[in-house]
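In our numbering, the protein residues as written are 10 to 240. Notes follow the structure.
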């Protein structure tokens, strides 16, 4: 297959294999903006395995199909962030792993460049979330473990506890029930390490109106007003 140089009207220059006056085989395509592609071509398009060195310092190494990033590849940004996984039409879509320079890691499903579906996020500071994501946010069912030791297992809405779940605090207290905007809201049960528990209605993180306090010895008191959970 012939080795030729082709100059395009937009300023791009191709050097490599040519067939029927088209880029076909292995070659190098230098764009007018400073980007450079090295790899396989088919019938005038990037197709197969290849590498792109972008003018801004970003790089991509992986699969191409019909002139776009399609398949599996590794994209590294000039700021140190990196992604390894599946692509569809130049977008991170499918299974992949995203790593930040501070060693935060997300591994799971992507859609159009966003964390979307089931995945796991682990921060360098010890926070771990495993569950469902929508547009980069904790959304749906999941489990969050904070570096403080606090854990939440349940439903999320846009990064907040919302719906039914169980929250275990670092001091040993536990709440099981309904949440809204990160706070206890609705029916639930609050447990203390000493064996006490309050079952009833909560509002904005505190027992509200009606409920029942049960003590370790089995005695109980019915409440009609607010009870402080931090007592």
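Backbone N, C-alpha and C fix where the C-beta goes; we use that ideal spot for every residue, glycine too.
* Asked: What are the partner residues of residue 185, as DSSP defines its beta bridges?
  -> The residue labelled residue 185 in the question sits at position 176 within the chain shown. Residue 185 is bridged to 175 and 198.
* Asked: Sorted by chain position, which residues of the same chain lie with C-beta nearer than 7 Å to residue 156's C-beta, five sequence neighbours on each side aside?
  -> Numbered from its first residue, the chain shown carries residue 156 at position 147. Only 134, 135 and 136 meet the Cβ criterion.
* To do: Would you list, in sequence order, the uninterrupted beta strand (DSSP E) runs of no fewer than 3 residues that lie entirely inside the stretch 52-98?
  => 54-62, 68-74, 77-85 and 91-97
* To do: Whole angstroms is fine: what's the gap from residue 211's alpha carbon to residue 158's?
  => In the chain shown, residue 211 corresponds to position 202, counting from 1. In the chain shown, residue 158 corresponds to position 149, counting from 1. Their Cα atoms are separated by approximately 24 Å.
* To do: Return the CA-CA distance between residue 14 and residue 82, expressed in angstroms with no decimal places.
  => Working through the chain shown from its first residue, we reach residue 14 at position 5. Working through the chain shown from its first residue, we reach residue 82 at position 73. Distance between the alpha carbons of residue 14 and residue 82 is about 28 Å.
* Per-residue DSSP class, three states only, for residue 113 -> As a working note, residue 113 is residue 104 in the chain shown. Residue 113 falls in the coil class under three-state DSSP.
* Considering only residues of the same chain and omitting the five flanking positions on each side of residue 185, which have a CB-CB separation below 7 Å? -> Counted from its first residue, the chain shown places residue 185 at position 176. Contacts found: 175, 197 and 198.
* Beta-carbon proximity list for residue 78, same chain, < 6 Å, skipping 5 on both sides -> For this step, residue 78 is matched to residue 69 along the chain shown. These residues qualify, in order along the chain: 96 and 99.
* Distance, Cα to Cα, residue 208 vs residue 165? -> To locate residue 208, count along the chain shown from 1; it is residue 199. To locate residue 165, count along the chain shown from 1; it is residue 156. Taking the straight line joining both Cα atoms gives about 22 Å.
* To do: Have a look at 194, 178 and 23 and flag the residue whose alpha-carbon is nearest the alpha-carbon of residue 171.
  => Numbered from 1 along the chain shown, position 162 holds the residue referred to as residue 171. Closest in alpha carbon position to residue 171, among 194, 178 and 23, is 194.
* Asked: If you compare alpha carbons, which of 167, 173, 192 and 201 is closest to residue 182?
  -> Taking the chain shown and counting its residues from 1, one reaches residue 182 at position 173. Of the candidates 167, 173, 192 and 201, the one whose C-alpha sits nearest the C-alpha of residue 182 is 201.
* Asked: If you draw a straight line from the alpha carbon of residue 16 to that of residue 22, how long is it in whole angstroms?
  -> Numbered from 1 along the chain shown, position 7 holds the residue referred to as residue 16. Numbered from 1 along the chain shown, position 13 holds the residue referred to as residue 22. Looking at the two C-alpha atoms, the distance is approximately 5 Å.
* State the beta-bridge partners of residue 206 as determined by DSSP. => Within the chain shown, numbered from 1, the residue matching residue 206 stands at position 197. Answer by DSSP bridge pairing, in chain order: 200 and 223.
* Do you know offhand how far residue 90's Cα is from residue 167's? -> Position 81 of the chain shown, counted from the start, is the residue given in the question as residue 90. Position 158 of the chain shown, counted from the start, is the residue given in the question as residue 167. Residue 90 and residue 167: Cα-Cα distance of roughly 24 Å.
* To do: Kindly give me the distance between the Cβ atoms of residue 7 and residue 30, rounded to whole angstroms, as I take these residues to be in contact under 8 Å.
  => Limits of the chain in this structure are 10 at one end and 240 at the other, which puts residue 7 out of reach.
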